[in-house]
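Engineer: Can you read through this structure? Questions will come right after.
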Amino acid sequence: MFLSILRFWWRGWVTSLYIEPKFHFTYTGFEWVHPPGYWGVHLLFLLVALAAFFITVGFLYRIASIVFFAGFTYIELIDVTTYLNHYYFVSLIAFILIWLPANRNYSLDVLLWPDKTKHFVPASSVGIIRFQLALVYIFAGLAKLNADWLLHAQPMRIWLPAKTHLPIIGIYMYETWVAYLFSWFGAAYDLLIVFFLLNKKTRPWAYCLVVIFHVATAIFFPAIGMFPYVMIICSLIFFSARFHEKLLSFFPFYRSRKEILQTTGYTYRFRYGKVLLVGMGIYIFLQVLIPLRFLLYPGNLFWNEEGYRFSWRVMLMEKSGSTYFTVKDKIHQQSFEVNNAEFLTPLQEKMMSTQPDMILKYAHFLAREYKNRGVQNPEVYGEIYVALNGGRSQLFVDSSINLAAEPLTWKHYEWILPYKK
32 MFLSILRFWW RGWVTSLYIE PKFHFTYTGF EWVHPPGYWG VHLLFLLVAL
82 AAFFITVGFL YRIASIVFFA GFTYIELIDV TTYLNHYYFV SLIAFILIWL
132 PANRNYSLDV LLWPDKTKHF VPASSVGIIR FQLALVYIFA GLAKLNADWL
182 LHAQPMRIWL PAKTHLPIIG IYMYETWVAY LFSWFGAAYD LLIVFFLLNK
232 KTRPWAYCLV VIFHVATAIF FPAIGMFPYV MIICSLIFFS ARFHEKLLSF
282 FPFYRSRKEI LQTTGYTYRF RYGKVLLVGM GIYIFLQVLI PLRFLLYPGN
332 LFWNEEGYRF SWRVMLMEKS GSTYFTVKDK IHQQSFEVNN AEFLTPLQEK
382 MMSTQPDMIL KYAHFLAREY KNRGVQNPEV YGEIYVALNG GRSQLFVDSS
432 INLAAEPLTW KHYEWILPYK K
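With the sequence shown counted from 1, adding 31 to any position gets you the working numbering.
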């Protein structure tokens with residue numbers, strides 16, 4: 032993550048994503064989160080980068096874990112535009128690390144304070160991370176069990192033809208059977224890989240498959256960023272303690288299990304073990320429940336996107352939209368065509384055009400903006416067309432509805448028009 036944050040600076044994303052936009056799509060319930068100015072944003076990224084480095088070397092681990100979780104999560108809450116499943120995953124792992132004794136050996140903390148050294152930790156410390164990884168894979172696999180993915184090989188049939196430049200295999204990217212192969216293999220991989228990683232006999236081969244799969248993902252879809260490499264490293268958690276001991280045995284500071292067992296006080300015990308176990312149970316319950324909340328909403332999930340975020344639906348659809356907003360002043364019988372580029376970056380407009388809650392937040396922003404420009408009781412109407420997985424473009428929002436008067440809620444938005452296959 033330290034390298035990932037440096038990558039953000041190197042590519043100029045800190046400025047383009049968090050400083051330059053005039054308006055940010057905040058999460059419902061987190062409207063109080065705002066970018067803390069030019070220098071504040073850069074300072075925030077610096078703190079998060081330092082915290083990530085401190086966690087890596089095990090220096091002031093507990094403080095660094097809290098700072099990293101709070102800082103990284105705050106950054107992600109600034110704008111829905113930048114939401115990615117793997118950023119959510121990083122926030123969750125960062126939260127888990129706060130409670131784990133990950134600095135009790137092979138860290139600067141035990142070098143500076145030897146009394147902190149512990150050679151064994153409760154199995155739950157490893158188990159909770161395995162659970163989180165398993166959840167990502169299994170829910171991602173279940174999400175692929177839909178008609179578009181399995182029966183129509185969408186969106187692979189749209190994406191793969193753009194990869195014909197790849198050496199050797201590029202000539203096959205136009206083939207329909209290749210799109211089906213990618214789709215079915217991807218679903219099978221996500222659904223089964225955890226069980227093969229948990230099995231001692233199949234674990235080495237399964238991990239080789241993890242590496243091949245995620246490296247291929249990085250090659251075919253480079254926009255996915257650091258996620259493949261994060262998953263490759265994190266999946267090592269499925270290996271036994273003895274495997275990790277063998278890896279560490281190459282270092283001069285390694286102490287064998289026999290040497291450790293001859294010492295006293297080598298096992299770490301949670302200070303509030305029962306409380307943490309209850310908290311872990313609540314966390315597990317919520318992590319299983321949150322991805323299932325889409326069941327509470329009617330209609331096509333890929334169309335409505337209600338309950339779509341935070342449910343481990345990774346690269347499941349190709350969706351594009353065109354948005355045209357009109358602000359009306361009924362008192363003076365005037366109307367104003369909105370130039371989205373005046374208020375939004377190209378990325379913000381692209382993401383907003385297909386996601387109902389972002390459309391509504393933008394409509395509310397336009398109402399406030401035009402009210403400040405002298406329009407009394409402005410009404411905002413949208414003519415929005417969306418295409419899903421290569422289908423024809425359809426009217427997405429009821430254009431007769433004043434979106435400025437519609438409330439932001441977690442309920443189903445009735446002004447979303449139904450999807451017509």
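No residue lacks a Cβ here, since even glycine has one placed at the ideal position from N, Cα and C. Source: prediction; values computed, not measured.
Beta-carbon separation of P192 and Y203 under 7 angstroms?
Structural biologist: Looking up residue 192 in the sequence shown gives position 161. Looking up residue 203 in the sequence shown gives position 172. No, the pair does not count as a contact, with Cβ atoms beyond the cut-off.
Engineer: Roughly how many angstroms lie between the CA atoms of A418 and F126, to the nearest whole one?
Structural biologist: In the sequence shown, residue 418 corresponds to position 387, counting from 1. In the sequence shown, residue 126 corresponds to position 95, counting from 1. Their backbone Cα atoms lie some 37 angstroms apart in a straight line.
Engineer: By alpha-carbon positions, which one of N134, S155, M348 and T113 ends up nearest to L91?
Structural biologist: Here residue 91 is taken as the residue at index 60 of the sequence shown, counted from 1. Out of N134, S155, M348 and T113, N134 has the C-alpha closest to the C-alpha of L91.
Engineer: Would you please state the rounded distance, in angstroms, between the beta carbons of T354 and G413? I believe it to be under 8 angstroms.
Structural biologist: For the purposes of this step, residue 354 is taken as residue 323 along the sequence shown, with counting starting at 1. For the purposes of this step, residue 413 is taken as residue 382 along the sequence shown, with counting starting at 1. T354 to G413, Cβ: 6 angstroms. Contact.
Engineer: Output needed for V209: all residues of its chain with C-beta closer than 7 angstroms, excluding positions within five of it in sequence on either side, in chain order.
Structural biologist: For the purposes of this step, residue 209 is taken as the residue at position 178 of the sequence shown. Correct list, in chain order: L191 and Y203.
Engineer: For I415, write down the residues that DSSP places opposite it in a beta bridge.
Structural biologist: As a working note, residue 415 is residue 384 in the sequence shown. For I415, which the question treats as bridged, DSSP gives the partners T354.
Engineer: For Q163 and M346, what's the separation of their Cα atoms in angstroms?
Structural biologist: Position 132 of the sequence shown, counting from 1, holds the residue named residue 163. Position 315 of the sequence shown, counting from 1, holds the residue named residue 346. The straight-line gap from Cα to Cα measures roughly 19 angstroms.
Engineer: Name the two residues that bound the continuous beta strand (DSSP E) containing F367.
Structural biologist: Numbered from 1 along the sequence shown, position 336 holds the residue referred to as residue 367. Following the DSSP letters along the chain, one finds F367 inside the beta strand (DSSP E) bounded by residues Q365 to E368.
Engineer: List, from N- to C-terminal side, the alpha helix (DSSP H) runs of 4 residues or more that fit wholly inside the segment 196-284.
Structural biologist: The qualifying runs are 207-229, 234-251, 258-265 and 272-279.
Engineer: DSSP has K359 in a bridge; who is on the other side?
Structural biologist: Here residue 359 refers to the residue found at position 328 of the sequence shown. Answer is S366 and E410.
Engineer: With DSSP collapsed to three states, give me the class of F120.
Structural biologist: The count along the sequence shown starts at 1 and reaches residue 120 at position 89. Helix, per DSSP.
Engineer: Can you give me the C-alpha to C-alpha distance between Q364 and R404, rounded to a whole angstrom?
Structural biologist: Counting from 1 along the sequence shown, the entry for residue 364 is found at position 333. Counting from 1 along the sequence shown, the entry for residue 404 is found at position 373. The straight-line gap from Cα to Cα measures roughly 16 angstroms.
Engineer: Suppose the cutoff is 7 angstroms on Cβ atoms and the five residues either side in sequence are ignored; what does the same chain contact list for S430 look like?
Structural biologist: The sequence position of residue 430 within the sequence shown is 399, counting from 1. Y412, G413 and E414.
Engineer: Roughly how many whole angstroms lie between the Cα atoms of A254 and Y220?
Structural biologist: On the sequence shown, residue 254 is found 223 positions in, with the first residue counted as 1. On the sequence shown, residue 220 is found 189 positions in, with the first residue counted as 1. Whole-angstrom Cα-Cα distance: 21 angstroms.
Engineer: Apart from the five residues just before and just after I263, which ones in its own chain have a Cβ nearer than 7 angstroms to its Cβ?
Structural biologist: Position 232 of the sequence shown, counted from the start, is the residue given in the question as residue 263. For I263, where only same-chain residues beyond five positions count, the Cβ hits under 7 angstroms are V241, V242 and H245.
Engineer: Output needed for T295: all residues of its chain with C-beta closer than 7 angstroms, excluding positions within five of it in sequence on either side, in chain order.
Structural biologist: Here residue 295 is taken as the residue at index 264 of the sequence shown, counted from 1. Summary for T295: the model assigns pLDDT 47, below 50, so the residue's position carries little reliability; its value from the coordinates is reported in the next sentence. Cβ-Cβ distances below 7 angstroms link T295 to nothing in the same chain once the five nearest sequence neighbours on each side are left out.
Engineer: Which same chain residues, not among the five before or five after K53, have their C-beta less than 6 angstroms away from its C-beta?
Structural biologist: Within the sequence shown, the letter at position 22 stands for residue 53. Only residues of its own chain outside the window of five on either side were considered, and among them F374 have a CB closer than 6 angstroms to the CB of K53, listed in chain order.
Engineer: Looking at C-alpha atoms only, which residue of F170, T207 and F120 is the closest neighbour of P259?
Structural biologist: For the purposes of this step, residue 259 is identified with residue 228 of the sequence shown, where counting begins at 1. The option with the nearest alpha carbon to P259 is F120.
Engineer: According to DSSP, I447 sits in a beta bridge with which residue or residues?
Structural biologist: Here residue 447 refers to the residue found at position 416 when the sequence shown is read from its first residue. DSSP lists V428 as partners of I447.
Engineer: Measuring alpha carbon to alpha carbon, tell me which of H73, W334, T46 and L181 ends up nearest K451.
Structural biologist: Within the sequence shown, the letter at position 420 stands for residue 451. Checked all of H73, W334, T46 and L181; the closest Cα to K451 is W334.
Engineer: Below 6 angstroms CB to CB, which residues in the same chain sit around A436 once its five sequence neighbours on both sides are set aside?
Structural biologist: Position 405 of the sequence shown, counted from the first residue, corresponds to residue 436. None.
Engineer: What's the C-alpha gap between V309 and L317?
Structural biologist: As a working note, residue 309 is residue 278 in the sequence shown. As a working note, residue 317 is residue 286 in the sequence shown. When only Cα atoms are considered, V309 and L317 end up about 12 angstroms apart.
Engineer: For F126, name the three-state secondary structure that DSSP assigns.
Structural biologist: For this step, residue 126 is matched to residue 95 along the sequence shown. Note: F126 maps to helix in three-state DSSP.
Engineer: Secondary structure at F100, three-state DSSP: helix, strand or coil?
Structural biologist: The count along the sequence shown starts at 1 and reaches residue 100 at position 69. Three-state DSSP puts F100 in a helix.
Engineer: Can you list, in chain order, the residues of its chain with a C-beta nearer than 7 angstroms to that of Q293? Leave out the 5 residues immediately preceding and following it.
Structural biologist: Within the sequence shown, residue 293 is the residue found at index 262, counting from 1. Only weak support exists for where Q293 lies, its pLDDT of 49 falling under 50; the coordinates are left without a value.
Engineer: Measuring alpha carbon to alpha carbon, tell me which of Y238, F325 and F100 ends up nearest R340.
Structural biologist: Here residue 340 refers to the residue found at position 309 of the sequence shown. Of the candidates Y238, F325 and F100, the one whose C-alpha sits nearest the C-alpha of R340 is F325.
Engineer: If V45 and H65 are in contact, beta carbons under 8 angstroms, what's the gap, nearest whole angstrom?
Structural biologist: Counting from 1 along the sequence shown, the entry for residue 45 is found at position 14. Counting from 1 along the sequence shown, the entry for residue 65 is found at position 34. Not confirmed; about 15 angstroms, so no contact.
Engineer: Count Cβ pairs between the segment 110-117 and the segment 223-236 that sit closer than 8 angstroms; are there 3 or more?
Structural biologist: With a cut-off of 8 angstroms, the segment 223-236 and the segment 110-117 do not count as touching, because too few Cβ pairs lie within range.
Engineer: Between which two residues does the alpha helix (DSSP H) carrying S155 extend?
Structural biologist: Taking the sequence shown and counting its residues from 1, the one referred to as residue 155 is at position 124. Unbroken alpha helix (DSSP H) run through S155: A154 to A174.
Engineer: Compare the C-alpha of I83 against each of F76, F99 and A394 and name the closest.
Structural biologist: As a working note, residue 83 is residue 52 in the sequence shown. According to the sequence as given, residue 83 is Ala; it is not Ile. Taking only the C-alpha atoms, the option nearest A83 is F99.
Engineer: If you run the structure through DSSP and keep just helix, strand and coil, what is T295?
Structural biologist: The count along the sequence shown starts at 1 and reaches residue 295 at position 264. Confidence is the limiting factor: at T295 the pLDDT is only 47, short of 50, which leaves the residue's position unreliable and the question unanswerable from this model.
Engineer: Taking the alpha carbon of Y49 as the point to measure from, which residue in V157, E107 and I160 has its own alpha carbon closest?
Structural biologist: Position 18 of the sequence shown, counting from 1, holds the residue named residue 49. The residue with the shortest Cα to Cα distance from Y49 is E107.
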